[in-house]
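**Student:** Dumping the structure here so I can ask a few things about it.
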Amino acid sequence: MHLIRDIWQSIVRRDPLSTDKGKSELVFLNVWLHIHPAKVKKENLKFRHTFYLGFITFFLFLILVTTGIALMCYYRPFPPQAYQDMKDLQFVVFMGPFLRNMHRWAAHGMVVCVFLHMCRVFYTGSYKKPRQFNWVVGVFLLLLTLGLSFTGYLLPWDQLAYWAITVGTNIGSYAPFIGGQLRELLLGGHSVGEAALIRFYVLHVAVLPAAVILLTIVHFWRVRKDGGLSRPVWKLKPQKAEALVTIGAPATTAALQATAASSTKTYGLMEVVTGKPIFETVTPEEEEDTVFSYPYAFVREAVALMATVTTIMTMSLFLNAPLEELANPAKTPNPAKAPWYFLGLQELVSHSALLGGVVAPALMVIALLAIPYLDRNPSRRPGDRKWALWLFTFFVIANLALIVLGTFFRGPGWALVPPWVHVVGGAE
Amino acid sequence: MNRRAFLSWGTVGVVALCSGVLVSFGAVLRFLMPSVFYEPPQSFKIGNAGDFPFGPPTFLVEEKIFVFRDRDKGFAVASAVCTHLGCTVAHFASDQKFHCPCHGSVFGADGSVQHGPAPRALNWFEVTQARDGQLRVDKDKIVPPTYRLMV
Numbered sequence: 001m002h003l004i005r006d007i008w009q010s011i012v013r014r015d016p017l018s019t020d021k022g023k024s025e026l027v028f029l030n031v032w033l034h035i036h037p038a039k040v041k042k043e044n045l046k047f048r049h050t051f052y053l054g055f056i057t058f059f060l061f062l063i064l065v066t067t068g069i070a071l072m073c074y075y076r077p078f079p080p081q082a083y084q085d086m087k088d089l090q091f092v093v094f095m096g097p098f099l100r101n102m103h104r105w106a107a108h109g110m111v112v113c114v115f116l117h118m119c120r121v122f123y124t125g126s127y128k129k130p131r132q133f134n135w136v137v138g139v140f141l142l143l144l145t146l147g148l149s150f151t152g153y154l155l156p157w158d159q160l161a162y163w164a165i166t167v168g169t170n171i172g173s174y175a176p177f178i179g180g181q182l183r184e185l186l187l188g189g190h191s192v193g194e195a196a197l198i199r200f201y202v203l204h205v206a207v208l209p210a211a212v213i214l215l216t217i218v219h220f221w222r223v224r225k226d227g228g229l230s231r232p233v234w235k236l237k238p239q240k241a242e243a244l245v246t247i248g249a250p251a252t253t254a255a256l257q258a259t260a261a262s263s264t265k266t267y268g269l270m271e272v273v274t275g276k277p278i279f280e281t282v283t284p285e286e287e288e289d290t291v292f293s294y295p296y297a298f299v300r301e302a303v304a305l306m307a308t309v310t311t312i313m314t315m316s317l318f319l320n321a322p323l324e325e326l327a328n329p330a331k332t333p334n335p336a337k338a339p340w341y342f343l344g345l346q347e348l349v350s351h352s353a354l355l356g357g358v359v360a361p362a363l364m365v366i367a368l369l370a371i372p373y374l375d376r377n378p379s380r381r382p383g384d385r386k387w388a389l390w391l392f393t394f395f396v397i398a399n400l401a402l403i404v405l406g407t408f409f410r411g412p413g414w415a416l417v418p419p420w421v422h423v424v425g426g427a428e
Numbered sequence: 429m430n431r432r433a434f435l436s437w438g439t440v441g442v443v444a445l446c447s448g449v450l451v452s453f454g455a456v457l458r459f460l461m462p463s464v465f466y467e468p469p470q471s472f473k474i475g476n477a478g479d480f481p482f483g484p485p486t487f488l489v490e491e492k493i494f495v496f497r498d499r500d501k502g503f504a505v506a507s508a509v510c511t512h513l514g515c516t517v518a519h520f521a522s523d524q525k526f527h528c529p530c531h532g533s534v535f536g537a538d539g540s541v542q543h544g545p546a547p548r549a550l551n552w553f554e555v556t557q558a559r560d561g562q563l564r565v566d567k568d569k570i571v572p573p574t575y576r577l578m579v
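Right under this line is the structure:
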């Protein structure tokens, strides 16, 4: 029994969880958990503050990695075998459709949750000092999420995939000066073919996921280093908002009072420096209002994880990922539509490829990246930032309206067809 | 070696190292650009003149071209690739126009844009007669829509 106890204690080196010390050690002696603070503010655990959207996005990414690796075991990125393997996954492989469904719905869910997460961060003003840079990292994660969706879209090598990527990469070729070469580089050729499939595969399973993981690490790290989650908007007091934020403030020149080391304490501190911290600090009374991450934060995270996995699994039981016929370069389906989250873009492109496909999206991305630096208003209270809220809401509604228009109101030949009108046969 | 010389040579070394790294980035980009494209040739034979009927154009699936044959004017070859985003257009016998299914572009009988977001007219390719009598199309040679080959 001693042996088993010794082995266990060599792995888990902490005091029992019944003690405060044990609860803290669980967090900071564990490489996976130490991204959490040992204690969290009670108010930050509130569901209505964050809707746990960041966590849910991360959990969806975990589902995508897991199911994606499983799918890789059966998929050969080479036409037409690629399509054959999709058929196998659909009809031959045990649980194949279920895993593919999970991968697809988690991917769609991730796009939705990244977007909602961005909205939450904007509406609570959480991109403001000192969190500007983390907003920028977040925008890049949004772009990477869309890139992962886009590259994954080609892999089934069906009609839907082939034409969505043909249209998508042609949009890119409208970029001035480098557009044509950029497309050639991406496709490894002049049209969507076998070279394009292997390149998209490499991007989808290696390059982009690695980039997402690296940026996610930075994103999480910065959440902690910028002072943890931002305070809920309803907790903000007018005078506090600014007083609490001190960025690179000049160090107090007064020398630290030297205190004799106590023989009853242990010290693990490496160095004592003077100066104010660069992150959002906590006042003593707020410190009172904290609880240990174990179990309060961890239980909530576990529930969010379970809820995410359950939702995706349930969807995957009842909703099947589509698979159309084999990619046919000669026959463009009518209408040929991109994935729904790109339909707003396609709607813009249907008016002008250069303006709608390159200029507008580029401006949109630049605007998103610039938000924390253009918005000089330090207040996070909704009452103080009416203009910002209205502008962002307009941006969100315009995007959603374009997507709805492209999804439901566009018929054969991209003609305006209301969803309640059924077009028989279409133009031939 | 004195301090000044060490720092000078050190600076030169660092600059050289950085340039080397930059050049190697360029090499990586060049690596990613294929030297050989395993794609169908741009110039190809499409068969004998007699294979093509008069009247509505013949659509060649693989090559994505329309072959027009007119009793008086001869042969002309139009691209079936929409100039907007590369979807394959269809030729409607009803109105003698090309219709793109992706974003609703419509091209007139001469390939000119009549409706929709397409920025340019459809391409017309040079068609010649090869030595063996077959028709040869060269997609690298764009010709005006009035170009015709009499056989």
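Which chain is which? The protein sequence lines are F and W, in order.
The numbering used here applies: residue 1 is where the first sequence begins, and numbers increase by one.
The numbering used here applies: residue 429 is where the second sequence begins, and numbers increase by one.
Note that the Cβ used here is the ideal one computed from N, Cα and C, for glycine as well.
Going along the segment 400-414 of chain F in order, which residues come within less than 8 Å of chain W, judged by CB to CB distance?
**Tutor:** Answer in chain order: P412, G413 and W414.
**Student:** Got a sec: is the Cβ-Cβ distance from F/H49 to anything in chain W below 9 Å?
**Tutor:** As a working mapping, residue 49 of chain F is identified with position 49 in the first sequence. No, F/H49 does not count as interfacial toward chain W.
**Student:** Could you list which residues in chain W have their beta carbon closer than 7 Å to that of F/T151, in chain order?
**Tutor:** Position 151 of the first sequence holds residue 151 of chain F. Going along chain W, no residue has its Cβ under 7 Å from F/T151, so there is no contact; the nearest lies around 15 Å.
**Student:** With the cut-off set at 9 Å, would you say W/C515 and F/V167 are in Cβ contact?
**Tutor:** Taking the second sequence and counting its residues from 1, the one referred to as residue 515 of chain W is at position 87. Taking the first sequence and counting its residues from 1, the one referred to as residue 167 of chain F is at position 167. Yes, they are a contact pair.
**Student:** Could you run through the segment 507-541 of chain W and flag, in chain order, every residue whose CB is less than 7 Å away from some CB of chain F?
**Tutor:** So the list reads H512, L513, G514, C515, T516, H527, P529, C530, H531 and G532, given in the order they occur along the chain.
**Student:** Note down, in chain order, each residue of its chain lying with its Cβ closer than 8 Å to the Cβ of W/A400, except the 5 sequence neighbours on either side.
**Tutor:** Nothing in the structure corresponds to residue 400 of chain W, since chain W is present only between 429 and 579.
**Student:** Judging by CA-CA distance, which residue of F/R376, F/I56, F/V31 and F/W135 is the nearest neighbour of F/C113?
**Tutor:** The residue given as residue 113 of chain F occupies position 113 in the first sequence. Of the listed residues, the one whose Cα sits closest to F/C113 is F/I56.
**Student:** Can you pull the chain W residues whose beta carbon is under 7 Å from the beta carbon of F/D172, in chain order?
**Tutor:** Numbered from 1 along the first sequence, position 172 holds the residue referred to as residue 172 of chain F. The identity of residue 172 of chain F in the sequence shown is Gly, whereas the question assumes Asp. Under the 7 Å cutoff, chain W gives no residues; its nearest Cβ is about 10 Å from F/G172.
**Student:** Once you ignore the five residues that flank W/F520 on each side, which residues in its own chain have a CB closer than 7 Å to its CB?
**Tutor:** Counted from its first residue, the second sequence places residue 520 of chain W at position 92. Only H527 meet the Cβ criterion.
**Student:** Closer than 9 Å by beta-carbon distance: list the chain W residues that pair up with F/P442, in chain order.
**Tutor:** With chain F covering 1 to 428 only, the question about residue 442 of chain F has no answer from this structure.
**Student:** What would DSSP say about F/A175, mapped onto helix, strand or coil?
**Tutor:** Taking the first residue of the first sequence as position 1, residue 175 of chain F is located at position 175. Note: F/A175 maps to coil in three-state DSSP.
**Student:** What in chain W is Cβ-close to F/H190, meaning under 8 Å?
**Tutor:** On the first sequence, position 190 is the one that residue 190 of chain F refers to. Correct list: F465 and E467.
**Student:** Nearest by alpha-carbon distance to F/C73: which of F/S191, F/V205 and F/P322 is it?
**Tutor:** As a working note, residue 73 of chain F is residue 73 in the first sequence. The candidate whose alpha carbon is nearest that of F/C73 is F/V205.
**Student:** Can you name the residues of chain W whose CB is closer than 8 Å to the CB of F/H351?
**Tutor:** To locate residue 351 of chain F, count along the first sequence from 1; it is residue 351. Within 8 Å Cβ-Cβ: P545.
**Student:** I'd like to check one pair, F/P333 with W/K492: are the Cβ atoms closer than 9 Å?
**Tutor:** Start at 1 with the first residue of the second sequence, and residue 492 of chain W comes out as number 64. Start at 1 with the first residue of the first sequence, and residue 333 of chain F comes out as number 333. Not closer than 9 Å, so no.
**Student:** For the segment 306-337 of chain F, which residues have a beta carbon sitting closer than 9 Å to at least one beta carbon of chain W?
**Tutor:** Those would be N328, P329, A330, K331, T332, P333, N334, P335, A336 and K337, in chain order.
**Student:** Does any C-beta atom of chain W lie closer than 9 Å to the C-beta of F/A175?
**Tutor:** The count along the first sequence starts at 1 and reaches residue 175 of chain F at position 175. Chain W contact via Cβ: absent.
**Student:** So for W/Q562, helix, strand or coil by DSSP?
**Tutor:** By one-based count along the second sequence, residue 562 of chain W stands at place 134. Three-state result, W/Q562: strand.
**Student:** How many angstroms separate the CA atom of W/F482 from the CA atom of W/A504?
**Tutor:** Translated into the one-based positions of the second sequence, residue 482 of chain W becomes position 54. Translated into the one-based positions of the second sequence, residue 504 of chain W becomes position 76. Each residue's Cα considered, the two are about 12 Å apart.
**Student:** From the beta carbon of F/L203, is the nearest beta carbon of chain W less than 9 Å away?
**Tutor:** Looking up residue 203 of chain F in the first sequence gives position 203. With 9 Å as the cut-off, F/L203 does not count as an interface residue toward chain W.
**Student:** From F/R300, F/E271 and F/S350, pick the residue whose C-alpha is nearest to that of F/N170; which is it?
**Tutor:** Residue numbering aside, residue 170 of chain F sits at position 170 when the first sequence is read from its first letter. Nearest C-alpha to F/N170: F/S350.
**Student:** Rounded to the nearest angstrom, how far is the Cβ of F/G152 from that of F/A107, given a contact under 8 Å?
**Tutor:** For this step, residue 152 of chain F is matched to residue 152 along the first sequence. For this step, residue 107 of chain F is matched to residue 107 along the first sequence. F/G152 to F/A107, Cβ: 6 Å. Contact.
**Student:** Against W/V565, what residues of chain F qualify as contacts under a CB-to-CB distance less than 9 Å, listed in chain order?
**Tutor:** As a first step, residue 565 of chain W is located in the second sequence; it is residue number 137 there, counting from the start. Under the 9 Å cutoff, chain F gives no residues; its nearest Cβ is about 16 Å from W/V565.
**Student:** Which chain W residues sit within Cβ distance under 7 Å of F/V112?
**Tutor:** Sequence index remark: in the first sequence, residue 112 of chain F carries index 112 (1-based). Going along chain W, no residue has its Cβ under 7 Å from F/V112, so there is no contact; the nearest lies around 25 Å.
**Student:** Excluding sequence positions up to five away, which residues of its chain have a Cβ less than 7 Å from the Cβ of W/A407?
**Tutor:** For chain W, the structure presents residues 429 to 579; residue 407 of chain W sits outside this window and is missing.
**Student:** Let me make sure I understand the geometry here. Which of W/I570, W/I474 and W/V451 has the alpha-carbon closest to that of W/W552?
**Tutor:** Here residue 552 of chain W is taken as the residue at index 124 of the second sequence, counted from 1. Minimum Cα distance to W/W552 is reached at W/I570.
**Student:** Applying the criterion that 16 or more other CB atoms from any shown protein chain within 10 Å of the CB defines a buried residue, is W/P547 buried or exposed?
**Tutor:** Locating residue 547 of chain W in the second sequence gives position 119, counting from the first residue. It counts as exposed.
**Student:** Identify each residue in the segment 438-449 of chain W for which the Cβ-Cβ distance to at least one residue of chain F is less than 7 Å, and report them in chain order.
**Tutor:** So the list is empty, because no residue satisfies the distance condition.
**Student:** Does the beta-carbon distance from F/K87 to F/L323 come in below 9 Å?
**Tutor:** Counting from one through the first sequence, the residue named residue 87 of chain F turns up at place 87. Counting from one through the first sequence, the residue named residue 323 of chain F turns up at place 323. Contact flag set, yes.
**Student:** Should W/P529 go down as buried or exposed, given a rule of 16 or more other Cβ atoms within 10 Å for buried?
**Tutor:** On the second sequence, position 101 is the one that residue 529 of chain W refers to. Flag for W/P529 reads buried.
**Student:** Of the residues F/V273, F/L203, F/K337 and F/E184, which one's Cα is nearest the Cα of F/L144?
**Tutor:** Working through the first sequence from its first residue, we reach residue 144 of chain F at position 144. Checking every option, the nearest Cα to that of F/L144 belongs to F/L203.
**Student:** From W/M461 to F/S293, what distance separates their C-alpha atoms?
**Tutor:** On the second sequence, position 33 is the one that residue 461 of chain W refers to. On the first sequence, position 293 is the one that residue 293 of chain F refers to. Spanning the two alpha carbons is a distance of roughly 50 Å.
**Student:** Please report the straight-line C-alpha distance between W/D479 and F/L182, rounded to a whole angstrom.
**Tutor:** Reading the second sequence from its first residue, position 51 is the one you call residue 479 of chain W. Reading the first sequence from its first residue, position 182 is the one you call residue 182 of chain F. Using only the alpha carbons, I get a separation of about 40 Å.
**Student:** By DSSP's criteria, W/F553 is part of a beta bridge. Which residues make up the other side?
**Tutor:** Position 125 of the second sequence, counted from the first residue, corresponds to residue 553 of chain W. The partner list for W/F553 (beta bridge, DSSP) reads W/V505 and W/I570.
**Student:** Note the first and the last residue of the continuous alpha helix (DSSP H) segment covering F/D85.
**Tutor:** What you label residue 85 of chain F is simply residue 85 of the first sequence in a count that begins at 1. Note, F/D85: alpha helix (DSSP H), Q81 to F91.
**Student:** When we look at the beta-carbon of W/G448 and count the other beta-carbons within 10 Å, is it buried (16 or more) or exposed?
**Tutor:** The sequence position of residue 448 of chain W within the second sequence is 20, counting from 1. W/G448 comes out exposed.
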